[in-house]
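Line by line, the protein sequences are chains V and P. Every number in our numbering is 371 more than the matching position in the first sequence, counting from 1. Every number in our numbering is 371 more than the matching position in the second sequence, counting from 1. Note sheet for the following structure.
Protein chains: 2
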Amino acid sequence: MPPRTDTRERILSTADLLMRQKGFNGFSYQDIAKPLGIRNAAVHYHFPTKADLAAELVENVRRMLHDRTDDFMARGGDARGQLEAFIAFTMNECACDHTVCPVGAIAADFFSLPEPVQAAGKRLVDDLVAWMTRVCEVGREQGQFRFDGPAVAKAEEILTALQGARQMTRFRGPAMLRNVANQIRRDLGLPAARD
Amino acid sequence: MPPRTDTRERILSTADLLMRQKGFNGFSYQDIAKPLGIRNAAVHYHFPTKADLAAELVENVRRMLHDRTDDFMARGGDARGQLEAFIAFTMNECACDHTVCPVGAIAADFFSLPEPVQAAGKRLVDDLVAWMTRVCEVGREQGQFRFDGPAVAKAEEILTALQGARQMTRFRGPAMLRNVANQIRRDLGLPAARD
DNA sequence: CGCCAAACTGACTTACTAGTAAGTTAACTG
DNA sequence: CAGTTAACTTACTAGTAAGTCAGTTTGGCG
Numbered sequence: 372m373p374p375r376t377d378t379r380e381r382i383l384s385t386a387d388l389l390m391r392q393k394g395f396n397g398f399s400y401q402d403i404a405k406p407l408g409i410r411n412a413a414v415h416y417h418f419p420t421k422a423d424l425a426a427e428l429v430e431n432v433r434r435m436l437h438d439r440t441d442d443f444m445a446r447g448g449d450a451r452g453q454l455e456a457f458i459a460f461t462m463n464e465c466a467c468d469h470t471v472c473p474v475g476a477i478a479a480d481f482f483s484l485p486e487p488v489q490a491a492g493k494r495l496v497d498d499l500v501a502w503m504t505r506v507c508e509v510g511r512e513q514g515q516f517r518f519d520g521p522a523v524a525k526a527e528e529i530l531t532a533l534q535g536a537r538q539m540t541r542f543r544g545p546a547m548l549r550n551v552a553n554q555i556r557r558d559l560g561l562p563a564a565r566d
Numbered sequence: 372m373p374p375r376t377d378t379r380e381r382i383l384s385t386a387d388l389l390m391r392q393k394g395f396n397g398f399s400y401q402d403i404a405k406p407l408g409i410r411n412a413a414v415h416y417h418f419p420t421k422a423d424l425a426a427e428l429v430e431n432v433r434r435m436l437h438d439r440t441d442d443f444m445a446r447g448g449d450a451r452g453q454l455e456a457f458i459a460f461t462m463n464e465c466a467c468d469h470t471v472c473p474v475g476a477i478a479a480d481f482f483s484l485p486e487p488v489q490a491a492g493k494r495l496v497d498d499l500v501a502w503m504t505r506v507c508e509v510g511r512e513q514g515q516f517r518f519d520g521p522a523v524a525k526a527e528e529i530l531t532a533l534q535g536a537r538q539m540t541r542f543r544g545p546a547m548l549r550n551v552a553n554q555i556r557r558d559l560g561l562p563a564a565r566d
């Protein structure tokens, strides 16, 4: 049965935005409660500690990634389509609300994070790398992508470049992310998108 | 004349480490003062606000970069040597103290930062991109590097990949940064370093 | 209707935050 | 030697952080 209110979901979505805009240590339970018109304690009712909240946020992203990619992981498919969808997703989120990805949001503050949040981040990154590695493998086998070296290294390069670009966009504006996305395409032998 | 104590320098170096390990919002004046055996107020004496401290940290990095690269910026030189030195510097810092670069440290928390710190970050990123763009230009002209597209896009890709890799290393271990560095080399037509 | 439990509120604690103000020490300076 | 100043300490404020707990509202159910 559905919950009687959607408060829990609204807390998650508010916290998600705050964490990706300001980092794990850059927002408080007050910052979540105020715009939702609820009290501090209501947030604690749903998420006893901040670690619970952040870990669930990261885990949700991992589940979403899993849902979107498990078909490709199992049966393969259009590698270029997977890559372009990820780039588009990244650019869209970045343009909409100037957020970084959750990995970037917790990576910088890593050594000030509670252990469960660190662990959730590790699981997400492992899944991301596994998926992108498969995308690179399949893309090269099918002749869509051209690159030297192991697929995992190429995958890690693509992911880290996009993550870094999304962060640096805050200093240099959206052109940077477009440039990096295009360079990733060129390196793979794909045509760059027009700016 | 030299200052009568080195407290100011020791504050800077302690804060630098803390900020790059835990992020701007992940450490306090207490965290600086305690290991130095001084009081909270002594830190405020040298750096009235946390923004003053962080902005100076970032500005110091920019000056260091400038000092190390102004000869190359003015007269050109060995592009591959510049790139390799930067990769080595990045890998060394990362391995020593598990820090991210100052850009990464403040990028994630960007929208919770005081304006002077944001501005200092922008200046540093602008200088970094200008330098790496020149490295890519010179490297391609001299036939050391091979890549398609504008040099600035390649430069941004290299910088963002290294920054992202240095962060993700926290989740995946040092192999990730080595992989990314090698993939950057391969993409440029350079031989990968042995692991 | 009355009961129960989920979903809160109000009021609170404890700990820590950045920052300040006034006083102290010790080295240099005239 | 007296005065000045840099470099602090001690003691503090006001605000905010996460987290707790006892009580209240609200909707569903027998």
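Even glycine gets a Cβ: it sits at the ideal position worked out from N, Cα and C. As the structure is a computational prediction, the values presented were derived from the model and not from experiment.
Anticipated Cβ contact below 8 Å, residue i with residue j, distance rounded
i                      : j                      : result
residue 414 of chain V : residue 491 of chain V : Residue 414 of chain V to residue 491 of chain V, Cβ: 19 Å. No contact.
residue 422 of chain V : residue 485 of chain V : 4 Å
residue 565 of chain V : residue 496 of chain P : Actually they do not touch by this definition, with Cβ atoms about 25 Å apart.
residue 388 of chain P : residue 480 of chain P : About 17 Å separates the two Cβ atoms, so there is no contact after all.
residue 450 of chain P : residue 488 of chain P : Going by Cβ atoms, the distance from residue 450 of chain P to residue 488 of chain P rounds to 32 Å, so no, they are not a contact pair.
residue 391 of chain P : residue 471 of chain P : 6 Å
residue 440 of chain P : residue 537 of chain P : The pair is not a contact, with the Cβ atoms about 19 Å apart (cut-off 8 Å).
residue 382 of chain P : residue 437 of chain P : Contact flag wrong, Cβ pair sits at about 23 Å.
residue 560 of chain P : residue 511 of chain P : Residue 560 of chain P to residue 511 of chain P, Cβ: 10 Å. No contact.
residue 547 of chain V : residue 527 of chain P : 5 Å
residue 483 of chain P : residue 393 of chain V : 4 Å
N- and C-terminal bounds of the alpha helix (DSSP H) containing residue i
i                      : result
residue 496 of chain P : 486-512
residue 406 of chain V : 400-407
residue 417 of chain V : 411-417
residue 476 of chain V : 473-478
residue 388 of chain P : 378-393
Chain-ordered neighbours of residue i on chain V, where CB pairs are closer than 8 Å
i                      : result
residue 399 of chain P : Simply none; closest approach about 11 Å.
residue 478 of chain P : 471, 475, 479, 538, 539, 541, 542
residue 523 of chain P : 550
residue 468 of chain P : Ordered by position in chain V, no residue passes the 8 Å Cβ test against residue 468 of chain P, which lies about 10 Å from the chain.
Under 9 Å by beta carbon: chain P residues contacting residue i
i                      : result
residue 531 of chain V : 531, 532, 533, 534, 535, 536, 537, 538, 539, 547, 548, 551
residue 414 of chain V : The contacting residues do not exist; residue 414 of chain V stays about 19 Å from chain P at best.
residue 441 of chain V : Residues of chain P passing the Cβ test: none, with the nearest at roughly 21 Å.
7 Å Cβ cut-off: residues of chain P touching residue i
i                      : result
residue 563 of chain V : 520
residue 438 of chain V : Those within 7 Å of residue 438 of chain V in chain P number zero; the least Cβ separation is about 21 Å.
Residue i: CB within 7 Å of a non-hydrogen atom of the ligand GDP
i                      : result
residue 523 of chain P : Absence of the ligand GDP is noted for the structure shown, with no ligands found whatsoever.
Under 9 Å from the C-beta of residue i: neighbouring residues of chain V
i                      : result
residue 543 of chain P : 493, 496, 497, 500, 527
residue 387 of chain P : Within 9 Å Cβ-Cβ: nothing; residue 387 of chain P doesn't reach chain V, min ~14 Å.
residue 377 of chain P : Simply none; closest approach about 26 Å.
Beta-carbon neighbours of residue i, restricted to chain P and to distances below 8 Å
i                      : result
residue 555 of chain V : 528
Closer than 7 Å at the beta carbon, the chain V residues around residue i
i                      : result
residue 449 of chain P : Within 7 Å Cβ-Cβ: nothing; residue 449 of chain P doesn't reach chain V, min ~23 Å.
residue 483 of chain P : 393, 394, 397
Report the residue ranges of all alpha helix (DSSP H) runs contained in full by the segment 421-455 of chain V; include only those spanning at least 4 residues, in chain order. 421-446
Pick out the complete alpha helix (DSSP H) segments inside the segment 518-557 of chain P, 4 residues or longer, and give them in chain order. 522-543
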